Every structure is written in structure tokens, then in C-alpha cells.
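Have a look at the structure below, then the notes.
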Amino acid sequence: MITIGTGYAWNVIIAAGMGLQCTIAGINCGSVRSKFNVPHPDMGCGRFAAKLSDEDWATFNNVIRVHQNYVEQLPVAISAVLMSGLFYEKASVTLGLAYVASRIAYAYGYAKFGPKGRMVGAIGQYLSIVSMLSLCFYGSYKQLSN
Numbered sequence: 001m002i003t004i005g006t007g008y009a010w011n012v013i014i015a016a017g018m019g020l021q022c023t024i025a026g027i028n029c030g031s032v033r034s035k036f037n038v039p040h041p042d043m044g045c046g047r048f049a050a051k052l053s054d055e056d057w058a059t060f061n062n063v064i065r066v067h068q069n070y071v072e073q074l075p076v077a078i079s080a081v082l083m084s085g086l087f088y089e090k091a092s093v094t095l096g097l098a099y100v101a102s103r104i105a106y107a108y109g110y111a112k113f114g115p116k117g118r119m120v121g122a123i124g125q126y127l128s129i130v131s132m133l134s135l136c137f138y139g140s141y142k143q144l145s146n
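When you number the sequence shown by this note's numbering, it's gap-free, plus one each residue, and the end is 146.
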């Protein structure tokens, strides 16, 4: 039987923080779209982006990629922090915080230094997601073994 304790609220706060981070990344996309006059639906490969200089296109593309990568990972990250928190609240919160911090490093590194700049954050976020998913499987295994 899974019992949800009051500490689980921290897992929910971390999940909400992940959603907020993704929203902020989306707002940054809007800012860079305005700055370079690249409206929707151009994602960096359309007519408007084609008019940018190479340097401006790289800046635009890096900001867009930060958001797109977050959109790709957000369902797994939120699911992992919420599900692993059912079994291991504190470990899940710690790993969720590591994920959030890694996303900050990823976004900063990618926006400032391009694709190679994202690697520190990328490694951290993948390790934290894999760890949370491992806790999900292990917690489920232990629950089913009882």
C-alpha cells in the first residue's frame, strides 16, 4: 500500500517548478522572435529565419532549441519526480532539484556557448531522470514483492 505523506508536497512543488522553467524558456523564445523578427511558425528553418545573419540565426536557434528540448523532456521529468516520490520522497525531491539545476546550466550554456555549452547541464539532467526512473522501477518492484 502506498501512503502519500505530507512531504510529497515537495515533489509537487518540484514538478510545478519544472513547468515554470519550461514556461520561462517559452517566454525567452518570444523575446528572441521579436528581437530578430521571426514570427510563428518559423522554428529557425523558414523564410524569416533564412534572412538572418549566421550569427543571429545561431543565437535564435540556440534559444529555440533550449525550449524545444525542455518540451521534449518535460513529460518524462514531471512523471518521474511524481512517481518516484510515491516511494522515495526525499530522494526524488533531491533528484528533481538536480534536474532543475541541470536545466538552468543547460539553458545558460546553450544560449551563451552554443551546442557544446549545453553538455554539463545535459549530463546532469539525464542522470537525474534515469535515477528517478530507476527509483520508480525499484519502488514498484519492492511494492509488488510484499
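Beta carbons: idealized from backbone N, C-alpha and C, even for Gly.
Quick caveat: nothing in here was measured; it's all calculated off a predicted structure.
Between L74 and M132, is the Cβ-Cβ spacing less than 8 Å?
-> As a first step, residue 74 is located in the sequence shown; it is residue number 74 there, counting from the start. As a first step, residue 132 is located in the sequence shown; it is residue number 132 there, counting from the start. It is not a contact, given that the beta carbons lie outside the stated cut-off.
Please report how far the alpha carbon of I78 lies from the alpha carbon of S128, in whole angstroms.
-> The sequence position of residue 78 within the sequence shown is 78, counting from 1. The sequence position of residue 128 within the sequence shown is 128, counting from 1. Answer to the nearest angstrom: the Cα atoms are 12 Å apart.
Would you call Q143 buried or exposed, if buried means 16 or more other Cβ atoms sit within 10 Å of its Cβ?
-> Working through the sequence shown from its first residue, we reach residue 143 at position 143. With fewer than 16 Cβ atoms within 10 Å of its Cβ, Q143 is classed as exposed.
Measuring CB to CB, does E63 end up less than 8 Å from F48?
-> On the sequence shown, position 63 is the one that residue 63 refers to. On the sequence shown, position 48 is the one that residue 48 refers to. Note that residue 63 is Val in the sequence shown, not Glu. For V63 and F48, no; Cβs fall outside 8 Å.
Can you give me the start and stop residues for the alpha helix (DSSP H) that D56 sits inside?
-> As a working note, residue 56 is residue 56 in the sequence shown. D56 -> alpha helix (DSSP H) spans 54-87.
In whole angstroms, what is the alpha-carbon distance linking Y8 and S84?
-> Working through the sequence shown from its first residue, we reach residue 8 at position 8. Working through the sequence shown from its first residue, we reach residue 84 at position 84. Distance between the alpha carbons of Y8 and S84: 10 Å.
With respect to the alpha helix (DSSP H) encompassing N28, which residues constitute its N-terminal and C-terminal limits?
-> Here the question's residue 28 lines up with position 28 in the sequence shown. Here the alpha helix (DSSP H) through N28 covers 8-36.
Exposed or buried, which one is H67 when buried takes at least 16 other CB atoms within 10 Å?
-> Counted from its first residue, the sequence shown places residue 67 at position 67. H67 is buried by the Cβ-count criterion.
Among residues of its own chain, excluding the 5 on either side of A105, which ones have a beta-carbon nearer than 6 Å to its beta-carbon?
-> For the purposes of this step, residue 105 is taken as the residue at position 105 of the sequence shown. Cβ neighbours of A105 beyond the five flanking positions: V120, G121.
How many whole angstroms separate the CB atoms of L148 and S92, which I take to be in contact at a CB cut-off of 8 Å?
-> Since the first residue shown for the chain is 1 and the last is 146, residue 148 is missing from the structure and cannot be characterised.
Reference G114; option with closest CA among V32, H40, F60, G44 = Position 114 of the sequence shown holds residue 114. Selected option, being the one with the closest Cα: F60.
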